[in-house]
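Take 81 as the starting number for the sequence shown in our numbering and just add one per residue.
Report on the following structure.
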Amino acid sequence: RNRNKLQCSKLKRVWSEKHWSGKCSATLLSLNKVVSAGRGIFTSAVFSQGDFVVAYRGELIDAAEAEHRRKLYHDARSIFMFDFTWKLKTWCIDGTLEDGSFGRLVNDEHKSPNCKMKLIEAEGKPHLCLFALKEITTGTEITYDYGGKEWPWRKGKARQGKFIYIAHFILKATQCALHDKTFNCLKSIRTFKSIRTFKIISKIN
Numbered sequence: 081r082n083r084n085k086l087q088c089s090k091l092k093r094v095w096s097e098k099h100w101s102g103k104c105s106a107t108l109l110s111l112n113k114v115v116s117a118g119r120g121i122f123t124s125a126v127f128s129q130g131d132f133v134v135a136y137r138g139e140l141i142d143a144a145e146a147e148h149r150r151k152l153y154h155d156a157r158s159i160f161m162f163d164f165t166w167k168l169k170t171w172c173i174d175g176t177l178e179d180g181s182f183g184r185l186v187n188d189e190h191k192s193p194n195c196k197m198k199l200i201e202a203e204g205k206p207h208l209c210l211f212a213l214k215e216i217t218t219g220t221e222i223t224y225d226y227g228g229k230e231w232p233w234r235k236g237k238a239r240q241g242k243f244i245y246i247a248h249f250i251l252k253a254t255q256c257a258l259h260d261k262t263f264n265c266l267k268s269i270r271t272f273k274s275i276r277t278f279k280i281i282s283k284i285n
């Protein structure tokens, strides 16, 4: 137990399902109330530029199943579905289920976000992960740009409880070298020390 605690403290960003749902994640991020949004995710530690922050967890489904679920979810208050392109096919991570994970609760900020969503391929599977665009101090809300322009809360309306919203994003494959210059790709890769092979394969435009 002490060894795991030391590893979390030293590396901070460990890539594994155990990390996402374990105590290590809980010591780096926290769930708090946000007046305009209902809930938000805040840092409990300092994140450096390029650091992995949190994964967008949920059930990985294909495009047909995603479309089917959208029809079923039509009357739901909150829908968290994230579409992306991987290996020339459209996939979706359905994060609708309240599973206790933090990535699905990160709020939108299109003017000055402190994180960016990237598509990561690890152990032959796609993962959506947020990386820090800059240094993020302790106690700061984690945000990223959802993309698009028609989100109701961007017009000054509340983000939760009154609207049905489907997070629909398309990620296009690219090489790490084509990512924003604000990211140190090698630094990001070094933070994933517990995985054998992975690569950053796309970004949100």
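Cβ coordinates follow ideal geometry from the N, Cα and C atoms, glycine included.
Nearest to S192 by CA position, among A146, T223 and Y153, is which residue?
As a first step, residue 192 must be located in the sequence shown, where it is residue number 112. Answer by Cα proximity: T223.
Please state whether the Cβ-Cβ distance between S124 and L108 is less than 7 Å.
By 1-based counting over the sequence shown, the position of residue 124 is 44. By 1-based counting over the sequence shown, the position of residue 108 is 28. Contact annotation: S124 and L108 have beta-carbon atoms nearer than 7 Å.
Opening and closing residue of the alpha helix (DSSP H) in which K191 lies
On the sequence shown, position 111 is the one that residue 191 refers to. Element bounds for K191: n/a, residue is neither H nor E.
Per DSSP, the bridge partner or partners of A135:
As a position in the sequence shown, residue 135 is number 55, starting the count at 1. C209, per the DSSP bridge assignment.
Quick check on E221: does DSSP put it in helix, strand or coil?
Indexing the sequence shown from 1 puts residue 221 at position 141. Residue state, collapsed to three classes: strand.
Considering only their Cβ atoms, is the gap separating R149 from S181 smaller than 7 Å?
Within the sequence shown, the letter at position 101 stands for residue 181. Within the sequence shown, the letter at position 69 stands for residue 149. Cβ atoms of S181 and R149: not closer than 7 Å.
Compute the Euclidean distance between the alpha carbons of F211 and K151, then round it to the nearest angstrom.
Translated into positions along the sequence shown, residue 211 becomes position 131. Translated into positions along the sequence shown, residue 151 becomes position 71. Each residue's Cα considered, the two are about 32 Å apart.
For the putative contact between F162 and L208, defined by C-beta atoms under 8 Å, what is the C-beta separation to the nearest angstrom?
Here residue 162 refers to the residue found at position 82 of the sequence shown. Here residue 208 refers to the residue found at position 128 of the sequence shown. Rounded, the Cβ-Cβ distance is 6 Å, consistent with contact.
Roughly how far, in whole angstroms, is the beta-carbon of G183 from the beta-carbon of V126, given that I think they are within contact range, below 8 Å?
As a position in the sequence shown, residue 183 is number 103, starting the count at 1. As a position in the sequence shown, residue 126 is number 46, starting the count at 1. About 19 Å separates the two Cβ atoms, so there is no contact after all.
E189 versus K198 - alpha carbon distance:
In the sequence shown, the residue the question calls residue 189 occupies position 109. In the sequence shown, the residue the question calls residue 198 occupies position 118. Answer to the nearest angstrom: the Cα atoms are 16 Å apart.
Just how far apart, CA to CA, sit D179 and F164?
Looking up residue 179 in the sequence shown gives position 99. Looking up residue 164 in the sequence shown gives position 84. Cα-Cα distance, rounded: 21 Å.
Could you tell me which residues DSSP puts in a beta bridge with S142?
Here residue 142 is taken as the residue at index 62 of the sequence shown, counted from 1. In the sequence as presented, Ser is not what sits at residue 142; that position holds Asp. In the DSSP output, where bridge partners are listed per residue, D142 has W171.
What residue does the beta strand (DSSP E) around T123 start on, and which one ends it?
Taking the first residue of the sequence shown as position 1, residue 123 is located at position 43. Run containing T123: G118 to T123, per the beta strand (DSSP E) assignment.
Spatial neighbours of L185 in its chain, beta-carbon cut-off 6 Å, leaving aside the 5 residues before and after
Position 105 of the sequence shown holds residue 185. Counting only Cβ-Cβ distances below 6 Å, and skipping sequence neighbours, we find R119 and I121.
To the nearest angstrom, report how far apart C172 and E201 are at their CA atoms.
For the purposes of this step, residue 172 is taken as residue 92 along the sequence shown, with counting starting at 1. For the purposes of this step, residue 201 is taken as residue 121 along the sequence shown, with counting starting at 1. Distance between the alpha carbons of C172 and E201 is about 14 Å.
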